[in-house]
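Peer 1: Numbering (the working numbering), first residue to last: 1 to 312.
Just so it is clear, CB atoms sit at the ideal spot from N, CA and C, and this is done for glycine as well.
Note that this is a predicted model, so its numbers are computed, not measured.
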Amino acid sequence: MHISRVDLNLFTVFEAIYTEGSVTRASQQLHLTQPAISHALNRLRQLFDDPLFIRQGQNMVSTPLARSMIEPVRQALRGLEITLNESGKFDPSLASKQFNLALRDVLESTVLPPLLTSITRQAPQINLAAIQVERRELVSELAAGTLDVAIDMLLPLPVDIRRQQISRYTTVVLARRDHPVVQGKLDLKTYLQAEHILASSRRKGMGLEDFELSRLGLQRRVRLRCQHYFAACRVVSQTDLLLTMPEGYARIANEQFHNQILPLPVNMPSWDVYLYWHQNVDNDPANLWLREQIMQAFDAEPSAIRSAESLS
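#1: Check lysine 89 in the structure and name its three-state DSSP category.
#2: Starting from the C-beta of leucine 243, find all residues in its chain whose C-beta is less than 6 Å away, skip the five residues before and the five after it, and write them out in chain order.
#3: Buried or exposed for glutamine 293, please, with buried defined as at least 16 other CB atoms from any protein chain shown within 10 angstroms of its CB.
#4: Would glycine 207 be called buried (16 or more neighbouring beta carbons within 10 Å of its own) or exposed?
#5: Got a sec, what are the start and stop residues for the alpha helix (DSSP H) aspartate 105 sits in?
#6: Who are the Cβ neighbours of leucine 65 in its own chain at under 8 Å, not counting the five residues just before and after it?
#7: Tell whether a beta-carbon distance below 8 Å holds between valine 106 and isoleucine 151.
#8: Phenylalanine 257 and arginine 223: beta carbons closer than 8 Å?
#9: Spell out the partners DSSP gives methionine 245 in its beta bridges.
#10: Quick check on DSSP: helix, strand or coil for glutamine 132?
#11: Return the bridge partner residues of alanine 199 from the DSSP annotation.
#12: I believe proline 114 touches alanine 297 by the beta-carbon criterion, under 8 Å. Please report the beta-carbon distance rounded to the nearest angstrom.
#13: Would you mind giving the Cβ-Cβ distance between serine 93 and alanine 123, rounded to the nearest angstrom? I have them listed as a contact below 8 Å.
#14: Quick one: what does DSSP say phenylalanine 298 is sitting in, helix, strand or coil?
#15: Tell me which residues share the same chain as glycine 79 and place their Cβ nearer than 8 Å to its Cβ, disregarding the 5 neighbours each side in the sequence.
#16: Buried or exposed for serine 201, going by 16 or more other Cβ atoms inside 10 Å?
#17: In the structure shown, what three-state DSSP assignment does lysine 185 receive?
#18: Does the count of Cβ pairs from the segment 55 to 70 and the segment 21 to 35 closer than 8 Å reach three?
#19: Indicate the three-state DSSP secondary structure (helix, strand or coil) for phenylalanine 11 in the structure shown.
#20: Which one of Gln164, Ala286, Val172 has the shortest CA to CA distance from tyrosine 274?
#21: Let me know if proline 246 comes out buried or exposed under the rule of 16 or more other beta-carbons within 10 Å of its beta-carbon.
#22: Among residues of its own chain, excluding the 5 on either side of isoleucine 70, which ones have a beta-carbon nearer than 6 Å to its beta-carbon?
#23: Could you name the residues that DSSP lists as bridge partners for serine 62?
#24: How close, in whole Å, do the beta carbons of lysine 97 and alanine 286 come, if the pair is a contact with beta carbons under 8 Å?
#25: Return the CA-CA distance between arginine 215 and glutamine 238, expressed in angstroms with no decimal places.
#26: Please determine, among Arg176, Lys204, Asp148, Asp240, the residue with the shortest C-alpha to C-alpha distance to glutamine 193.
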């Protein structure tokens, strides 16, 4: 079938239903009535001779054909959007849009406050969704436009994924104020003799500091493995365990606990944080504007943001 015989607006509806999993939410996203969305879905079903979405409870579940179509459709829509944006100027004060930003949750408390302050002031109709994405999905999501940008450590990504260094972090150690051994300073012997907390989203495996220790033929004892640094800071405040974590986030998460913040007594290489985007949005005015806001947000809070997480 020739493309001239197909209403391309149908694919916008298809992508919205797939993303939202609901005709109602798709209608809200596209600012169309539910009957209009249902009518478009019926036309798509006739076009492809497939139900595409099957209702299960309150959700619309995609068929195998719909799942095979979604990435090509998203890439095509993204290409059209980029073409339209590049043909004109992006005015953040008038634009109505949502940007999707992938980043680790530990960066949210440092990046989002200055970023949202800037976006809210300049762009009253622009929304931001900060989400966590599996690293193996970054390339496909950036290419499809379901992600506008990503912030992460240095990753081995293909050349069509652009990157720019935006931060560098240092690592510190937290100990409770009344720790019986650690008072104002910490040497390597004391560090190794202590028991530790490892905060990581992974179920198993060493932390970055453990890798560095192993290179030196050293090892520490991890008494507790937990998921979040905030919880780890609270445990530190009530035990003799030590916590190794990024300095910038330590100063935020530790505010109410008043733990000691000490230099890590092991030389660790700096870990750089990068901003990633797909080459197809290199010159997209909207994406360029977003990247500029992120860079300015990092510059706005140098003491906090320059020390990003270990991204473990």
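Peer 2: Reading it off the structure:
#1: coil
#2: Leu174, Ile197, Ala232, Val236
#3: buried
#4: buried
#5: 105 to 122
#6: Phe48, Asp50, Leu52
#7: no
#8: no
#9: Val172
#10: coil
#11: For alanine 199, which the question treats as bridged, DSSP gives the partners Cys226.
#12: 4 Å
#13: So it is a contact: roughly 6 Å between Cβ atoms.
#14: helix
#15: Asn280
#16: exposed
#17: Here lysine 185 sits in coil by DSSP.
#18: yes
#19: helix
#20: Gln164
#21: buried
#22: Tyr18
#23: In the DSSP assignment, the residues bridged to serine 62 are Phe53.
#24: 7 Å
#25: 31 Å
#26: Asp240
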